[in-house]
Amino acid sequence: MIRDFSLDIDALRGFLHLVSVSVWVGGQIVVAGLIPLLRKVDRSAGPLPEGEKSVTQKAAHRFGRISWPFFALAIITGLWSLGEVVANDEWTSSTSAWKILFFVKIALVAASGVGAWLHTRAQRAPERALFASVASLTALAALLIAASFQSSLPA
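In my numbering, the protein residues as written are 330 to 484.
Listed below in structure tokens is the structure:
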């Protein structure tokens, strides 16, 4: 169904949410794709001087500096959207399944953030890989649920 076009505060909120989620989720996918290449560059560069970070570590650090503020923005705009749903009485007219999926989405977003945070703290490669996988897969699952909401929002 085509809805009316309006460029208002709701559109701004939706835009900010989409951009922030795109950076968080899309960035994880891009970084995962670049890691093998970055590791190859690190190996060809030879041993690092004491205390110097590898190209892979520098790229991961840079991604974190970019992605965490966007994760926070996604949380803020998501809460803002929830506030609008509640304020407009859309919550009371929502089905039980929609409400359950909403809370599942919140849990997945939280798991994505925790997984990413644990990834940054992990010392061993298998742990880093596990936590990165948790962060990415839960973020993708939350995004899938969010996409289903777009076609099932209470009218």
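Backbone N, C-alpha and C fix where the C-beta goes; we use that ideal spot for every residue, glycine too.
Since the structure is predicted, the reported quantities are computational estimates derived from the model, not experimental observations.
For residue i, the first and last residue of its enclosing alpha helix (DSSP H)
{"i": "Trp409", "result": "384-416"}
{"i": "Asp371", "result": "356-374"}
{"i": "Trp353", "result": "Run containing Trp353: none; DSSP gives neither H nor E here."}
{"i": "Ala426", "result": "425-450"}
Buried or exposed (CB count within 10 angstroms, at least 16 for buried), residue i
{"i": "Phe460", "result": "buried"}
{"i": "Gly444", "result": "buried"}
{"i": "Leu366", "result": "exposed"}
{"i": "Ala484", "result": "Note that Ala484 scores a pLDDT of 46, beneath 50, so its modelled location is shaky and nothing firm can be said."}
{"i": "Val359", "result": "exposed"}
{"i": "Ala389", "result": "buried"}
{"i": "Leu336", "result": "exposed"}
{"i": "Leu377", "result": "exposed"}
Own chain partners of residue i with C-beta closer than 7 Å, once the 5 adjacent residues on each side are dropped
{"i": "Ser410", "result": "Arg342, His346"}
{"i": "Ser373", "result": "none"}
Own chain, CB closer than 6 Å to residue i, minus 5 neighbours either side, in chain order
{"i": "Val370", "result": "Val384"}
{"i": "Ile395", "result": "none"}
{"i": "Trp420", "result": "Val414"}
{"i": "Arg368", "result": "Thr385"}
Distance between beta carbons of residue j and residue i, contact taken as under 8 Å
{"i": "Ser441", "j": "Ala471", "result": "6 Å"}
{"i": "Leu408", "j": "Ser349", "result": "Incorrect: roughly 12 Å between the Cβ atoms, too far for contact."}
8 Å Cβ cutoff met for residue i and residue j
{"i": "Ala464", "j": "Arg457", "result": "no"}
{"i": "Gln357", "j": "Ala468", "result": "yes"}
{"i": "Lys434", "j": "Ile474", "result": "yes"}
{"i": "Phe399", "j": "Trp446", "result": "no"}
{"i": "Gly393", "j": "Thr449", "result": "yes"}
Proximal residues to residue i (C-beta, below 8 Å), its chain only, five neighbours per side dropped
{"i": "Asp339", "result": "Glu413"}
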